[in-house]
Amino acid sequence: MLPTAAKCPLQLNSHGQLRHFLSLDDLPRELLTEILDTADSFLEVGARAVKKVPLLRGKTVCNVFFENSTRTRTTFELAAQRLSADVISLNVSTSSTSKGESLFDTLRNLEAMAADMFVVRHSDSGAAHFIAEHVCPDVAIINGGDGRHAHPTQGMLDMLTIRRHKGGFENLSVAIVGDILHSRVARSDMFALRALGCRDIRVIGPKTLLPVGLEDYGMRVFTSLSEGLKDVDVVIMLRLQRERMHGGLLPSEGEFYRLYGLSSERLALAKPDAIVMHPGPINRGVEIESAVADGPQSVILNQVTYGIAVRMAVLSMTMSGQTAERQLESERAAEEQN
Ligand code: NCD
Numbered sequence: 001m002l003p004t005a006a007k008c009p010l011q012l013n014s015h016g017q018l019r020h021f022l023s024l025d026d027l028p029r030e031l032l033t034e035i036l037d038t039a040d041s042f043l044e045v046g047a048r049a050v051k052k053v054p055l056l057r058g059k060t061v062c063n064v065f066f067e068n069s070t071r072t073r074t075t076f077e078l079a080a081q082r083l084s085a086d087v088i089s090l091n092v093s094t095s096s097t098s099k100g101e102s103l104f105d106t107l108r109n110l111e112a113m114a115a116d117m118f119v120v121r122h123s124d125s126g127a128a129h130f131i132a133e134h135v136c137p138d139v140a141i142i143n144g145g146d147g148r149h150a151h152p153t154q155g156m157l158d159m160l161t162i163r164r165h166k167g168g169f170e171n172l173s174v175a176i177v178g179d180i181l182h183s184r185v186a187r188s189d190m191f192a193l194r195a196l197g198c199r200d201i202r203v204i205g206p207k208t209l210l211p212v213g214l215e216d217y218g219m220r221v222f223t224s225l226s227e228g229l230k231d232v233d234v235v236i237m238l239r240l241q242r243e244r245m246h247g248g249l250l251p252s253e254g255e256f257y258r259l260y261g262l263s264s265e266r267l268a269l270a271k272p273d274a275i276v277m278h279p280g281p282i283n284r285g286v287e288i289e290s291a292v293a294d295g296p297q298s299v300i301l302n303q304v305t306y307g308i309a310v311r312m313a314v315l316s317m318t319m320s321g322q323t324a325e326r327q328l329e330s331e332r333a334a335e336e337q338n
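Using the UniProt record's numbering, you'd call the opening residue of the sequence shown number 1 and step up by one each time.
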């Protein structure tokens, strides 16, 4: 584990454990597998009559959302509550920053409330890294989605969904469809799938919504949905990220649906037991037909349930990585004094 700690100095402590959770780039396969295994065990907690374990008792988790969210914020809240943490959620987009307070001042105030973890969502790529670099060292930062850069907990809940429905990654063909260019989910999924050994990762979309150079990362790139979907095991649909588009990247939503919308006929090109995923919010009739979204191959709502377990895994593993780091530091300080 040590060489990877050197590669990801901000995310991993000197034992190679998580101390922040910012992106999936460069995280080793063993760590991703440990997150999935831990999440699997938390799924069982979610099925109990009393859905609580005491792992984060006495800790405070603060959700700081500079960008709107329903699913991600509420599942982080539930995850923290099921771990017995105290949880507060701030919708910063409608509070202090809009009254002129700087990001730094908001952070200093949250630190003064002695929160142990911040879950941060921000419309700027790199915001979570920036905060992790500047926050006081015993606060852990979890990225809840930054711009078009990364959405690591969504990436991991997508991996848990695939592993639970398909048993593994190596022999699967996985297609990610739609607005790849603006999607932090697509980026996190691609890193995770590659790290977990998936050998056939396809990205499908119009040229204007595909970043250049994806082939260099081992992705197979398709501009035709029918070609790209052929015999895949997993279809991950994405929402058009209108809020991140500048200029005329698309003729119209109707045209997009005609070419890239997932209809029942198109889904029939995939393997008969293929699963259909979507991070939500879904736009029916824009990227996906209602009959598919609500159909027997859809696992879109399972993803939401798995999201709580994955977030419990990430919160608890990051907290123990932080605690281990603090212990190590005090041992070092004691040695230096002797
Ligand atoms: C995704 C996001 O916010 O990046 N949604 C989510 O986390 N539930 C995808 C999207 O907004 O399209």
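Where a beta carbon is used, it is the ideal one built from N, C-alpha and C, also for glycine.
Small disclaimer: the values here were computed from a predicted structure and weren't measured.
Whether residue i touches residue j by CB criterion (9 angstroms)
i, j, result
"Ala270", "Leu229", "yes"
"His151", "Arg202", "no"
"Val235", "Val177", "yes"
"Asp138", "Asp116", "yes"
"Leu210", "Leu238", "no"
"Val221", "Asp200", "no"
"Gly321", "Leu18", "yes"
"Tyr257", "Ile204", "no"
Beta-carbon contacts of residue i that lie in its chain and below 6 angstroms, excluding the five residues immediately before and after
i, result
"Arg71", "Gly280"
"Phe65", "Arg73, Asn91, Arg121"
"Glu329", "none"
"Thr208", "Leu249"
"Leu43", "Ala309"
"Cys136", "Glu111"
"Val119", "Asn63, Phe76, Ile142, Gly144"
"Asp231", "Lys271"
Residue i to residue j span [Cα, whole Å]
i, j, result
"Phe169", "Cys198", "5 angstroms"
"Thr161", "Met219", "21 angstroms"
"Leu55", "Arg164", "24 angstroms"
"Leu262", "Glu287", "6 angstroms"
"Gln241", "Gly167", "31 angstroms"
"Ala85", "Leu172", "37 angstroms"
"Glu133", "Ser226", "44 angstroms"
"Pro9", "Pro251", "43 angstroms"
"Phe21", "Glu67", "18 angstroms"
"Leu78", "Gln337", "43 angstroms"
"residue 349", "Ala80", "The chain is shown only over 1 to 338; residue 349 falls outside these bounds and no answer can be derived."
"Met1", "Arg29", "Bear in mind that the predicted position of Met1 carries a pLDDT of just 37, short of 50, making it too unreliable to give a figure here."
"Phe76", "Ser89", "10 angstroms"
"Pro206", "Val212", "12 angstroms"
"Arg187", "Asn13", "24 angstroms"
"His15", "Gly285", "48 angstroms"
"Asp179", "Glu253", "12 angstroms"
"Pro3", "Gln327", "With a pLDDT of 43 at Pro3, under the threshold of 50, the predicted position of this residue should be treated as unreliable, though the coordinate-derived value follows. Each residue's Cα considered, the two are about 21 angstroms apart."
Residues of its chain near residue i, where Cβ-Cβ distance is below 7 angstroms and the 5 sequence neighbours each way are ignored
i, result
"Gln297", "Leu267, Ala274, Ile275, Val276"
"Arg244", "Arg148, His182"
"Leu214", "Val203, Val221"
Contacts around residue i, its chain only, beta-carbon distance under 8 angstroms, and the 5 residues preceding and following it disregarded
i, result
"Leu32", "Leu24, Met156, Met159, Ala192, Ala195, Leu196"
"Ser264", "Glu289, Ala291, Val292, Gly295"
"Arg82", "Phe42, Val45, Gly46, Lys51, Lys52, Val53, Ile308, Met312"
"Ala319", "What sits at residue 319 in the sequence shown is Met, not Ala. These residues qualify, in order along the chain: Leu55, Leu56, Lys59, Asp116, Met117, Ala140."
In DSSP terms, what residue i is bridged to
i, result
"His122", "Asp146"
"Asp200", "Ser173"
"Ser298", "Val276"
"Ser188", "Note: Ser188 sits in no beta bridge, so no partner."
"Thr60", "Asp86"
"Ala140", "Met117"
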